[in-house]
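In the numbering used here, the protein residues as written are 10 to 567.
All C-beta atoms in this analysis are idealised placements derived from N, C-alpha and C, irrespective of residue type, glycine included.
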């Protein structure tokens, strides 16, 4: 296909995207349309559209964005709709994008693959951690670790360690129920149950009577004996944790035993016209998992993965809330969704980086090093190689210095690392507690952030990294970007949750601010943010990358 034919095809395809209808907003009495609703830009950015295959990166490495062999290329969706500048409007667009994102990518493995595809569609090159990065040049890059954490960054041609790094860190693990290593359980009156373990604070009372799906990471042995991975997810509910009706005269809260009374039910082998489960075939008996997982589960997962039961090697599966998010409220002020903590900040950070690049016409500022890292395992303390204590951001920064800085001016690499960290500003982007009008007494006065209002700075001398200088710097950034900031501080008679900020700050010595989107119902099966909050977050993070260095330069004690 010629380049002219490609342009004409793209012009036809753009009409299938209802970006204009979803993004036009009335702001100050004027209709605002996103910059990327523009055919000139789109014709130059053909990679945002559907393509048959995702090629390997220019360095020859196969990337995490490459579709699995079982994916139907004809059904392969566009990696992303056109990105637009969200400076004034398009609240509906980003809210719907987030709702679709969190529904289509229910497990952390799906999230990392989604962002890998998104980044490659915008020209980012994959750098595998286990290979040499060679002599780096200015450009867009990303890497992953364990397929559950990701770091993406852009670096300008004249960047030096004295310029520092603008870093946004967020976590993308969420409360969930994980399949136990041996999930097989004894049937109870014909009902088949599934052995799962709570990850962080999951399987609480809010998990009762929910539509639970299953999905995650599957290792299979292919025809050549090589072990490869596949991602799976069910498209309908497969499990239920049924509550006990109050008519039995029991206090429901007293029955909450996560081992014995909160076990998902996945099948009933009985009843009218019920067909018995087929006997194990000789081929199925070869599966190494046959003694630890039920054949019902193994057959279901094998079908999702498009393989035989005998080819299954290992499973890392989640049981998760399957109901899709929605916009709600009589004025459509709210966004209801599962898995908000903290994927909403990770989503906004990655799109914020892309929005920042869009404002620069995808030309990287000469002295810029802008980095987003999405971590795993924050909900259980971050103490893992893929968690914030595993040093992924530090590894990216240090390896970039090693391969990017040709003239080291006689300084050791260790000295250059310390110079870079001393000039770095970090945003620890995690959700905060929004003011709940049903419980006004649990908030400090003037410390109850509202929905649809602005990002929230978190303060807590016991659990957060924010200090007075960091607060002043981020307020300078917000003023430059036209953003409003709010504050949250927990009451002295309550305890605050932890986050990644103190870990990264203590490992690097870099100034760190804890700042994120406020939400209702943290750690529930479904949470609420404002319907404008996703776009507010994207705009704020984009502004951070644009203004942080100028803001920091005003402070003697940076």
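| said: By alpha-carbon positions, which one of 251, 322, 112 and 350 ends up nearest to residue 537? | reply: As a working mapping, residue 537 is identified with position 528 in the chain shown. When each option's Cα is compared against that of residue 537, the closest is 350.
| Nearest residue (CA-CA) to residue 530, options 434, 471, 346 and 371 | Counting from one through the chain shown, the residue named residue 530 turns up at place 521. Measuring from the Cα of residue 530, the nearest candidate turns out to be 346.
| Taking the continuous alpha helix (DSSP H) assigned at residue 510, which residues delimit it? | Position 501 of the chain shown holds residue 510. Unbroken alpha helix (DSSP H) run through residue 510: 510-517.
| request: Could you give the DSSP three-state label for residue 330: helix, strand or coil? | output: Here the question's residue 330 lines up with position 321 in the chain shown. Of the three classes helix, strand and coil, the one that applies to residue 330 here is strand, per DSSP.
| Are the stretch 404-422 and the stretch 198-214 in contact at 8 Å, needing three or more beta carbon pairs? | With contact defined as three or more Cβ pairs closer than 8 Å, the stretch 404-422 and the stretch 198-214 are not in contact.
| request: Go ahead and label residue 415 buried or exposed: buried means 16 or more other beta carbons lie within 10 angstroms of its beta carbon, across all protein chains shown. | output: Residue 415 sits at position 406 when you count from the first residue of the chain shown. Exposed: under 16 other Cβ atoms inside 10 Å.
| field | Nearest-angstrom Cβ-Cβ length linking residue 182 and residue 387, presumed shorter than 8 Å | value | Stepping through the chain shown from its first residue, residue 182 is reached at position 173. Stepping through the chain shown from its first residue, residue 387 is reached at position 378. At roughly 6 Å, the Cβ-Cβ gap stays under 8 Å, so residue 182 and residue 387 are in contact.
| message | Along the chain, where does the alpha helix (DSSP H) containing residue 122 start, and where does it finish? | response | Counted from its first residue, the chain shown places residue 122 at position 113. Element bounds for residue 122: 117-130.
| request: Name the two residues that bound the continuous beta strand (DSSP E) containing residue 524. | output: Taking the first residue of the chain shown as position 1, residue 524 is located at position 515. Run containing residue 524: 520-525, per the beta strand (DSSP E) assignment.
| task | Confirm, please, whether the CB-CB distance from residue 380 to residue 175 is below 8 Å. | result | The residue given as residue 175 occupies position 166 in the chain shown. The residue given as residue 380 occupies position 371 in the chain shown. Cβ atoms of residue 175 and residue 380: closer than 8 Å.
| query | Ends of the alpha helix (DSSP H) at residue 543? | reply | To locate residue 543, count along the chain shown from 1; it is residue 534. It spans 542-561 - the alpha helix (DSSP H) in which residue 543 sits, taken as one unbroken run.
| request: Can you give me the Cβ contacts of residue 170 inside the same chain, cut-off strictly under 8 Å, excluding the 5 residues immediately before and after it? | output: The count along the chain shown starts at 1 and reaches residue 170 at position 161. Excluding residues within five positions, the ones whose Cβ falls inside 8 Å are 410, 414, 425, 426, 428, 429 and 432.
| message | Looking at the secondary structure, which residues open and close the beta strand (DSSP E) in which residue 479 lies? | response | Residue 479 sits at position 470 when you count from the first residue of the chain shown. Segment 477-490 is the alpha helix (DSSP H) holding residue 479; no beta strand (DSSP E) there.
| Roughly how many whole angstroms lie between the Cα atoms of residue 216 and residue 193? | The sequence position of residue 216 within the chain shown is 207, counting from 1. The sequence position of residue 193 within the chain shown is 184, counting from 1. So the alpha carbons of these two residues sit roughly 21 Å apart.
| request: Give the single residue among 543, 151 and 108 whose Cα lies nearest to the Cα of residue 361. | output: Numbered from its first residue, the chain shown carries residue 361 at position 352. The shortest Cα separation from residue 361 among 543, 151 and 108 belongs to 543.
| said: With a threshold of 6 Å on Cβ separation, who are the neighbours of residue 563 within its own chain once the five nearest residues in sequence on each side are excluded? | reply: As a working mapping, residue 563 is identified with position 554 in the chain shown. The answer is none, since no qualifying residue turns up.
| query | For residue 239, which beta-bridge partners are listed by DSSP? | reply | Residue mapping note: residue 239 aligns to position 230 of the chain shown, counting from 1. Bridge partners of residue 239: 227.
| said: Classify residue 504: buried if its beta carbon has 16 or more other beta carbons within 10 angstroms, exposed otherwise. | reply: As a working note, residue 504 is residue 495 in the chain shown. Residue 504 should be labelled exposed.
| request: Specify, as a first and last residue, the run of the alpha helix (DSSP H) that residue 349 falls within. | output: As a first step, residue 349 must be located in the chain shown, where it is residue number 340. Start and end: 349-368.
| Helix, strand or coil at residue 169 according to DSSP, with G and I counted as helix | By 1-based counting over the chain shown, the position of residue 169 is 160. Residue state, collapsed to three classes: coil.
| Just the Cα atoms here: how many angstroms apart are residue 553 and residue 105? | Position 544 of the chain shown, counted from the first residue, corresponds to residue 553. Position 96 of the chain shown, counted from the first residue, corresponds to residue 105. Each residue's alpha carbon lies about 23 Å from the other.
| task | Give the DSSP-derived three-state secondary structure of residue 107 in the structure shown. | result | Looking up residue 107 in the chain shown gives position 98. Residue 107: helix per DSSP, three-state reduction.
| task | Mind reading off the beta-carbon distance from residue 469 to residue 180? Whole number of angstroms is fine, and I expect it under 8 Å. | result | Residue 469 sits at position 460 when you count from the first residue of the chain shown. Residue 180 sits at position 171 when you count from the first residue of the chain shown. Contact doesn't hold; Cβ gap of about 17 Å is too wide.
| Can you list the alpha helix (DSSP H) stretches of 4 or more residues lying completely in the stretch 296-320, in chain order? | 304-314
| field | Simplified DSSP state of residue 408, which is helix, strand or coil | value | Walking along the chain shown from the start, residue 408 turns up at place 399. Residue 408: helix per DSSP, three-state reduction.
| query | Rounded C-beta distance between residue 489 and residue 556? I'm assuming under 8 Å. | reply | Working through the chain shown from its first residue, we reach residue 489 at position 480. Working through the chain shown from its first residue, we reach residue 556 at position 547. About 4 Å separates the two Cβ atoms, so the contact holds.
| said: For residue 162, tell me which candidate among 177, 172 and 154 has the shortest Cα-Cα distance. | reply: Along the chain shown, one-based indexing puts residue 162 at 153. Comparing Cα-Cα distances from residue 162 to each of 177, 172 and 154, the minimum goes to 177.
| Rounded distance between the beta-carbons of residue 458 and residue 444, thought under 8 Å | As a first step, residue 444 is located in the chain shown; it is residue number 435 there, counting from the start. As a first step, residue 458 is located in the chain shown; it is residue number 449 there, counting from the start. In this structure, residue 444 and residue 458 form a Cβ contact; the two beta carbons are roughly 6 Å apart against a cut-off of 8 Å.
| Got a sec? Which residues, its chain only, sit under 7 Å from residue 114 by beta carbon, not counting five neighbours each side? | Here residue 114 is taken as the residue at index 105 of the chain shown, counted from 1. Around residue 114: 120 and 123.
| Out of curiosity, what's the CA-to-CA distance linking residue 463 and residue 473? | For the purposes of this step, residue 463 is taken as the residue at position 454 of the chain shown. For the purposes of this step, residue 473 is taken as the residue at position 464 of the chain shown. Take the alpha-carbon of residue 463 and the one of residue 473: they are about 19 Å apart.
| query | Among all the DSSP beta bridges, which residues are the ones paired with residue 382? | reply | Sequence index remark: in the chain shown, residue 382 carries index 373 (1-based). Bridge partners of residue 382: 160 and 178.
| request: Less than 8 Å between the CB atoms is what I'm expecting for residue 437 and residue 523, so what's the real figure, rounded? | output: In the chain shown, counting from the first residue as 1, residue 437 sits at position 428. In the chain shown, counting from the first residue as 1, residue 523 sits at position 514. Confirmed, about 5 Å.
| said: Buried or exposed for residue 131, going by 16 or more other Cβ atoms inside 10 Å? | reply: Along the chain shown, one-based indexing puts residue 131 at 122. Classification of residue 131: buried, given that the 10 Å Cβ count is 16 or more.
| Cβ-based neighbour list, residue 527, same chain, cut-off 6 Å, excluding 5 preceding and 5 following | The residue given as residue 527 occupies position 518 in the chain shown. Answer for residue 527: 441, 443, 458 and 465, listed in chain order.
| field | Which listed residue (212, 547, 315 and 403) has its alpha carbon closest to that of residue 185 | value | Here residue 185 corresponds to residue number 176 of the chain shown, with the count starting at 1. If we check each option's Cα against that of residue 185, 212 comes out closest.
| Where residue 281 falls: helix, strand or coil (DSSP) | Numbered from its first residue, the chain shown carries residue 281 at position 272. Note: residue 281 maps to coil in three-state DSSP.
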